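Engineer: Numbering (this note's numbering), first residue to last: 10 to 306.
Even glycine gets a Cβ: it sits at the ideal position worked out from N, Cα and C.
All of these numbers come straight from a predicted model, not from anything done at the bench.
Pasting the structure below:
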């Protein structure tokens, strides 16, 4: 990961249509996009050779690729974002190592006096089932208000000490090390669509920290705008899909057999697919795959 030099620091205006505000001082700004749904289709169809470009409708092909995890065509689309987020959000974000990242550097420039200032309601209780997460309930209001003010006071004090260290001639790379995780950082983040969707599947999930979900939701807005068919397929086969354990699949198969429900299942799934406009061959394939998935004997 490289670093942004001072002259690259260009926050967007509030009126920028390609910018979405996040948290109190953050944003996600779409800088550039290479490709769209058509790029995915073009890339996939080259595998079939010339003369076969009408074998499937674009939507059907993209859905097939997504369902069967043919990922390379989705890598032909790229998104580049300019992001401003708190350091604690950035440290979770950077765990996704398949992007190209260029971050502002506290060695080159003096860091801005900009912090994520938690509101009383942001002081969520520790989660009971998810040990690394928080619950939807907040700390008692009187205490959370006090904590909010304490956080802000700590931020002001630490930044004051940072300024004093700079004024005393301390190197910026040393003076910055005591600044808190609530300080905002900025970076440019470029990623292909396949890996971006993987990022969004994890960071839009309810188990992800709320503050990073805000940024993931903002990025998703742009993906929906430029790749609506791919996004629809992503929602169907990944984001809102579920994985079954082998024992769970076998249990469902056993119940369907015992209660003689296979025919009814196939009938209802066929109706779903036909209502969605699926071709006859697609319906046959989908029903066959459903029976294989549920281990029909």
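By the three-class DSSP mapping on this structure, what secondary structure does residue 113 have?
Structural biologist: Strand at residue 113.
Engineer: For residue 37, is the classification buried or exposed, using 16 other Cβ atoms within 10 angstroms of its Cβ as the cut-off for buried?
Structural biologist: Residue 37 should be labelled buried.
Engineer: Please report how far the alpha carbon of residue 210 lies from the alpha carbon of residue 247, in whole angstroms.
Structural biologist: Roughly 7 Å separates the two Cα atoms.
Engineer: Identify, in the order they occur along the chain, each residue of the same chain with its Cβ nearer than 6 Å to the Cβ of residue 41, setting aside the five sequence neighbours on each side.
Structural biologist: Only 89 meet the Cβ criterion.
Engineer: What residue range does the alpha helix (DSSP H) around residue 182 cover?
Structural biologist: Start and end: 181 to 184.
Engineer: Is the stretch 98 to 116 touching the stretch 128 to 141, taking contact as three or more C-beta pairs under 8 Å?
Structural biologist: The stretch 98 to 116 is not in contact with the stretch 128 to 141.
Engineer: Thinking C-beta only, is residue 224 closer than 8 Å to residue 92?
Structural biologist: In this structure, residue 224 lies closer than 8 Å to residue 92 by Cβ.
Engineer: Using the C-alpha atoms, what's the distance from residue 34 back to residue 200?
Structural biologist: So the two alpha carbons sit approximately 24 Å from each other.
Engineer: Between the alpha carbons of residue 174 and residue 97, how many angstroms are there, rounded?
Structural biologist: The straight-line gap from Cα to Cα measures roughly 23 Å.
Engineer: If we ignore side chains and look at the alpha-carbon of each, how far apart do residue 127 and residue 157 end up?
Structural biologist: Computed Cα separation, rounded: 6 Å.
Engineer: Nearest CA to the CA of residue 28: which residue from 230, 300, 295?
Structural biologist: The candidate whose alpha carbon is nearest that of residue 28 is 230.
Engineer: What is the DSSP secondary structure of residue 161, counted as helix, strand or coil?
Structural biologist: Three-state DSSP puts residue 161 in a helix.
Engineer: Apart from the five residues just before and just after residue 8, which ones in its own chain have a Cβ nearer than 6 Å to its Cβ?
Structural biologist: Examination of residue 8 is not possible in this model, given that the chain is present from 10 through 306 alone.
Engineer: Within the stretch 115 to 152, note down every full beta strand (DSSP E) run reaching 3 residues or more, in order along the chain.
Structural biologist: Qualifying beta strand (DSSP E) stretches, in chain order: 133 to 135, 143 to 147.
Engineer: So the alpha helix (DSSP H) residue 28 belongs to, where does it begin and stop?
Structural biologist: No alpha helix (DSSP H) holds residue 28; the beta strand (DSSP E) holding it covers 28 to 31.
Engineer: Would DSSP call residue 61 helix, strand or coil?
Structural biologist: Unreliable positioning characterises residue 61 in this predicted model, as indicated by a pLDDT of 48, which lies under 50. The coordinate reading is nonetheless provided below. In this structure, residue 61 counts as coil in the three-state DSSP scheme.
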